[in-house]
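Chains as they are written, first to last, in the UniProt record's numbering: chain A, 1 to 282; chain B, 1 to 323.
Below, the structure written as structure tokens:
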């Protein structure tokens, strides 16, 4: 709304601003375009030193190489299982915790909130070493659990912090009314609060999905010998070879790996913008 | 509105919550005033996970950094010995550590400044264009944001490839190798980090600008304030809480860059010239099996980021925000 009124005030600069916005959009989108384009280029064109921004003979060879690679489908499925589990479970757990810290007053509440904040700052990568030994001691190395559990824990503090604003926004009067009508706490929690906070959960889940789907470090460190438990980033590395990288294969695998995240983003993008606004306003 | 969808969820939900349904007490007093154990029950799953997978590993990290812990102890069954500050002394005597620390700080600072500048500038730009260009820029930015770090890294390396990449062609750089020199390699990684992290700043700041009352901006504009002046004197002060959040998030993310450096410079560059603390710790621990040195580097990172957090908390507190 503010945007439109501003425009009416200063019209001359608008066309320049719009041209700039379009040019920047093209520049920002170019790497993705180049990735998809290169994935469809036949081998000869990729190896050509005359890099052309189009192809006249799109081919699926690179994709074929990717999918024929040992157990690529398996890797894809593993990535989906890990990211899906983390998204759903962390959303539920974070919802409960956010409810506790916003709708109740109890001792140590502020301390807990500060701890959730501090927990976000912890460099997760630095914990790879102790986590490696922890997973080994519990026999979790080379299992998907070794990827799910840490990501679950690390996505919680940010999710709780972000959900706070959404839970707070539900008026207390609604809660009182529910209890007067004889609703139990559990009933209020899941039948009234949960649906109302759901848009916030979706915005939050973007972050846990991305950080889990993109994870490279844990996948590289905890899945050491049993490649049937590997996730997609590892499948991508196969195409890097010491002397000549198989760029067609790398770009095709990258495309396959990026698509699910893009789909997820497109699905939630409207809620994302309003969700971020809601989270930072409070 | 919720009544329609709710009944379907009844059977599944109580089990999933892990919280047994308490019999309703038939007391309409606000639960905020009589919490009892309920909040702790709700917090239980989160606290268990965080305790086991965050707090305990931090303790372990600190512990390992004081021990002698190499391959011999990990798989050879040799007893671990207490080293005191020995590992830290080794680390601080190593000139490479100081070089990496400096590189990390400078690189993170450059990334944060670039990200904030581009993100805020584009957020303002978004408010000045009509729906179509706005949608185009928003979509492109979301695409960059959504791209996994590892695929983003590979694509950028390919774009700047000396033989097959289009960038050198367009710029007429011939077969200039970006990853060969220290500075050009860092610059390349910085571009990729900027590309994938400015969208978060842009979207968040844009959402914040939209929440500013229209009249305020209109008044400034009618008074003849330039766009820069509006940003400096009206938007930035009103967006202060949001700007603090995005700054801190950027500091934290950029200080911990791992994947981009690891993939784009092939594990830290030629002779480790592009190492940052995170990759350095990883290489020490998992490539040369010096787990205790790697842990000590991790502790150093933890301390630096905790210091940043404390500054952040003080800023938030000074604003009088209630937690």
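Here a beta-carbon is modelled for each residue, glycine too, at the ideal position from N, C-alpha and C. Keep in mind that this is a model prediction, so the values were computed, not measured.
Residue i burial status per 10 Å Cβ neighbour count (16 or more: buried)
i, result
"residue 123 of chain A", "buried"
"residue 312 of chain B", "buried"
"residue 148 of chain A", "buried"
"residue 208 of chain A", "buried"
"residue 96 of chain B", "exposed"
"residue 255 of chain A", "buried"
"residue 54 of chain B", "buried"
"residue 96 of chain A", "buried"
"residue 60 of chain A", "exposed"
"residue 81 of chain B", "exposed"
"residue 241 of chain A", "exposed"
"residue 136 of chain B", "buried"
"residue 226 of chain B", "exposed"
"residue 85 of chain B", "exposed"
"residue 102 of chain B", "exposed"
"residue 36 of chain B", "exposed"
"residue 248 of chain A", "buried"
"residue 228 of chain A", "exposed"
"residue 178 of chain A", "buried"
Cross-strand partners of residue i (DSSP beta bridge)
i, result
"residue 81 of chain B", "B:68"
From the options, residue whose alpha carbon lies closest to that of residue i
i, options, result
"residue 197 of chain B", "B:92, B:257, B:74, B:87", "B:257"
"residue 226 of chain A", "A:268, A:253, A:139", "A:139"
"residue 100 of chain A", "B:91, B:115, B:47", "B:47"
"residue 116 of chain B", "B:171, B:107, B:205", "B:205"
"residue 237 of chain A", "B:270, B:252, B:215, B:264", "B:264"
"residue 38 of chain B", "A:98, A:28, A:39", "A:98"
"residue 213 of chain B", "B:308, B:238, B:79, B:227", "B:238"
"residue 242 of chain B", "A:162, A:128, A:79, A:24", "A:162"
"residue 217 of chain A", "A:150, A:248, A:89, A:39", "A:150"
"residue 306 of chain B", "A:230, A:115, A:82", "A:115"
"residue 46 of chain A", "B:145, B:94, B:158, B:112", "B:158"
"residue 252 of chain A", "A:228, A:55, A:63, A:76", "A:63"
"residue 166 of chain A", "A:174, A:200, A:181", "A:200"
"residue 129 of chain A", "B:244, B:304, B:58, B:229", "B:58"
Rounded distance between the beta-carbons of residue j and residue i, thought under 8 angstroms
i, j, result
"residue 233 of chain A", "residue 150 of chain B", "5 angstroms"
"residue 205 of chain A", "residue 91 of chain A", "5 angstroms"
"residue 324 of chain B", "residue 260 of chain B", "Residue 324 of chain B is absent from the structure shown; chain B starts at 1 and stops at 323."
"residue 234 of chain B", "residue 211 of chain B", "Wrong, their Cβ atoms sit about 13 angstroms apart, outside the cutoff."
"residue 236 of chain B", "residue 88 of chain B", "About 41 angstroms separates the two Cβ atoms, so there is no contact after all."
"residue 190 of chain A", "residue 261 of chain A", "With a Cβ gap of about 29 angstroms, residue 190 of chain A and residue 261 of chain A do not count as contacting."
"residue 299 of chain B", "residue 61 of chain B", "6 angstroms"
"residue 53 of chain A", "residue 148 of chain B", "Between residue 148 of chain B and residue 53 of chain A the Cβ distance is about 24 angstroms, and since that is not below 8 angstroms, they are no contact."
"residue 293 of chain B", "residue 91 of chain B", "6 angstroms"
"residue 195 of chain B", "residue 188 of chain B", "Actually they do not touch by this definition, with Cβ atoms about 11 angstroms apart."
"residue 75 of chain A", "residue 230 of chain A", "5 angstroms"
Contacts around residue i, its chain only, beta-carbon distance under 8 angstroms, and the 5 residues preceding and following it disregarded
i, result
"residue 201 of chain B", "115, 116, 118, 119, 120, 123, 246, 250"
"residue 26 of chain B", "Residue confidence for residue 26 of chain B is low, a pLDDT of 44 falling below 50, so the modelled location carries little weight; the figure read from the coordinates is stated next. Contacts found: none."
"residue 250 of chain A", "236, 239, 240"
"residue 192 of chain B", "152, 153, 156, 260, 264"
"residue 112 of chain A", "101"
Residues near residue i in its chain [Cβ-Cβ closer than 6 angstroms; skip 5 each side]
i, result
"residue 71 of chain B", "289"
"residue 262 of chain B", "279"
"residue 127 of chain B", "209"
"residue 73 of chain B", "80"
"residue 164 of chain A", "98, 102"
"residue 39 of chain A", "62, 251, 252, 255"
Own chain partners of residue i with C-beta closer than 7 angstroms, once the 5 adjacent residues on each side are dropped
i, result
"residue 222 of chain A", "132, 135, 141, 146, 147"
"residue 158 of chain A", "120, 207"
"residue 284 of chain B", "290, 293, 294, 297"
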